[in-house]
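Numbering (the UniProt record's numbering), first residue to last: 1 to 381.
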């Protein structure tokens, strides 16, 4: 049997009735997005790692592990005034202290770009081959120059100082004295007017100065400055105000300094001298006689009667009052007690030659103490 088949509208749409739909864009794959990023990151990371490795290799210390003591010794480097940054690096490379001049230039360029305060400073440096380039650069940038040390003990005179510096090889005694005279011609304003000598105003202390400043000008200026900042404020802040002028105070303290050995006796010795000045009695201080004559007595060779009777502006057995100038550089302790001496009835003291003294109120007591000490030191046979 034959059937007429009708088209099924559900099975096939008419071409006219079928509308065209736009194709949706396909979403890009995340793999396609991140691949270039990852590649660039790896590339940059590799470049950074290589640059860091290069920087470490070029700025590492030149001293290798296991180097000899001679190879590890510090190297003295002189940076002249006016040396450029690149020239500083060349000096270090010539001294075999850095590996790379390029790395040095990068460090200095970065210091400029970051507005690092300061700059490379002239001077003499003591640099270690065991330090990396940045450490060496910072040392010179901050001016941490090699320093020399000198010590002036309390109670030293300018004559002893001049001898000391000459013995150290810094400069001659004549140069020291000549510069001291030049300073007196144009002194700092705080110094007493019409000063005859810097004696007493060169503060005794331990000093550190750049090795390039081992000159009488630098040394004297440094010591005067230390007095100004350390000793002068004591005088200016004293209450009640001192009865002595600045020069008299330093002179008084210098005599106390030379007579004092045991710290506990220092205020008493100052009190004795204060009592004597107040009643117009001569100080009778051996160190003033020694200073005037340029001698130093010892237990074996004490001052003779002839020396004590020798006229001199500094002989306080003959002349009442203080000496024309200080006789030494007093330390802080002597300066302090000279502003506030101990209240005492003593008028005399005599040394036992062990640093201590016997103090007396009367001349008779004093003479007995002298005889006793003399007999003990030089007993009669």
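Note that the Cβ used here is the ideal one computed from N, Cα and C, for glycine as well. What you are looking at is a predicted structure, and each value in this text was computed from that prediction instead of being measured.
Query, Result
"Thinking C-alpha only, which one of 52, 206, 202, 306 is nearest residue 318?", "306"
"CA-CA distance, residue 328 and residue 192?", "17 angstroms"
"Count the other CB atoms, across all protein chains shown, that sit within 10 Å of the CB of residue 48; report buried if there are 16 or more and exposed otherwise.", "exposed"
"Starting from the Cα of residue 184, find the closest Cα among 212, 167, 217, 366 and give me that residue.", "217"
"Using 8 angstroms as the cut-off, can you tell me whether the stretch 220-233 makes contact with the stretch 200-210, which would need three or more C-beta pairs spanning the two stretches below that distance?", "yes"
"Between residue 81 and residue 118, what straight-line distance do the alpha-carbon atoms span, to the nearest angstrom?", "15 angstroms"
"Please name the residue, chosen from 282, 258, 340, that lies closest to residue 291 on a Cα-to-Cα basis.", "258"
"Nearest CA to the CA of residue 343: which residue from 268, 335, 303?", "268"
"Can you give the beta carbon distance from residue 266 to residue 333, rounded, assuming they're within the 8 angstroms contact cut?", "6 angstroms"
"Can you tell me which of 242, 204, 239 puts its alpha carbon nearest to the alpha carbon of residue 228?", "204"
"Which whole-angstrom value describes the C-beta separation of residue 60 and residue 134, a residue pair presumed to lie in contact below a C-beta threshold of 8 angstroms?", "With 8 angstroms as the limit, residue 60 and residue 134 do not qualify as a contact, their Cβ atoms being about 10 angstroms apart."
"State buried or exposed for residue 243, treating a residue as buried only when at least 16 other CB atoms are found within 10 Å of its CB.", "exposed"
"Who are the Cβ neighbours of residue 336 in its own chain at under 8 angstroms, not counting the five residues just before and after it?", "234"
"In this structure, what does DSSP give as the bridge partners for residue 99?", "Answer by DSSP bridge pairing: none, since residue 99 is not bridged."
"Taking Cβ positions, are residue 313 and residue 304 nearer each other than 9 angstroms?", "no"
"Check whether the Cβ atoms of residue 231 and residue 341 sit closer than 9 angstroms, and answer yes or no.", "no"
"Using only alpha-carbon positions, find the residue among 73, 76, 200, 55 that is nearest to residue 100.", "55"
"In chain order, what are the residue ranges of uninterrupted alpha helix (DSSP H) at least 4 long that sit wholly in the stretch 155-180?", "158-168"
"Anyone know if the C-beta pair for residue 361 and residue 348 falls short of 9 angstroms?", "yes"
"What is the rounded straight-line gap between the Cα of residue 195 and the Cα of residue 248?", "11 angstroms"
"In this structure, how does DSSP classify residue 202 when only helix, strand and coil are distinguished?", "coil"
"Please state the DSSP three-state secondary structure of residue 207.", "strand"
"Roughly how many whole angstroms lie between the Cα atoms of residue 382 and residue 105?", "The structure shown does not extend to residue 382, since the chain spans only 1 to 381, so no value can be given for it."
"When the Cα of residue 98 is compared with those of 129, 310, 150, which residue comes out closest?", "129"
"Have a look at the DSSP bridge pairing and note the partners of residue 112.", "Answer is none; residue 112 lacks a bridge partner."
"Quick one: using the 10 Å Cβ neighbour count with 16 as the cut-off for buried, is residue 315 buried or exposed?", "buried"
"Have a look at 297, 278, 339, 298 and flag the residue whose alpha-carbon is nearest the alpha-carbon of residue 320.", "278"
"For residue 350, name the three-state secondary structure that DSSP assigns.", "strand"
"Tell me the DSSP secondary structure of residue 368 in three-state form.", "helix"
"Output yes or no for whether 9 angstroms exceeds the beta carbon distance between residue 108 and residue 89.", "yes"
"What whole-angstrom Cβ distance do residue 111 and residue 58 have, given they're in contact under 8 angstroms?", "Their Cβ separation, rounded to whole angstroms, is 16 angstroms, which puts residue 111 and residue 58 out of contact at 8 angstroms."
"Count the other CB atoms within 10 Å of the CB of residue 330; is the residue buried (16 or more) or exposed (fewer)?", "buried"
"Quick check on the DSSP output: the beta strand (DSSP E) that includes residue 149 runs from which residue to which?", "147-151"
"What do you get for residue 169, buried or exposed, if any count of 16 or more other CB atoms within 10 angstroms of its CB means buried?", "exposed"
"Buried or exposed: where does residue 180 fall if 16 or more other Cβ atoms within 10 Å of its Cβ makes it buried?", "buried"
"How many angstroms separate the CA atom of residue 302 from the CA atom of residue 143?", "51 angstroms"
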